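Numbering (full-length UniProt numbering), first residue to last: 1 to 66.
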C-alpha cells in the first residue's frame, strides 16, 4: 500500500471535464482557437479575444511578419 499526499492520488480528470467544471463553477472558459466544434466565425472570435487579452500567439506573429 502506498501513501500519497492529499491531492496526489486517485484518478486524473479528463481535460474536458476540467474545462466543463471550470465554466460551471468559476465562470472560466478554456477554449482552443482550433476547436473543430466551433464554426469559423466562432474560432475567429476566440482568436480575437485571445489577442486582445494576451497579445498575438508566436505562430500568428511569424505568419504576419514573415
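The beta-carbon is built from N, C-alpha and C at its ideal position, and this holds for glycine as well.
In this text the structure is predicted, and so the values were computed from the model without any measurement.
Do residue j and residue i count as a contact pair if the criterion is CB distance below 9 Å?
i	j	result
residue 35	residue 46	yes
residue 20	residue 33	no
Put residue i into one of helix, strand or coil per three-state DSSP.
i	result
residue 23	helix
residue 5	coil
residue 60	helix
residue 10	coil
residue 31	coil
residue 38	coil
residue 50	helix
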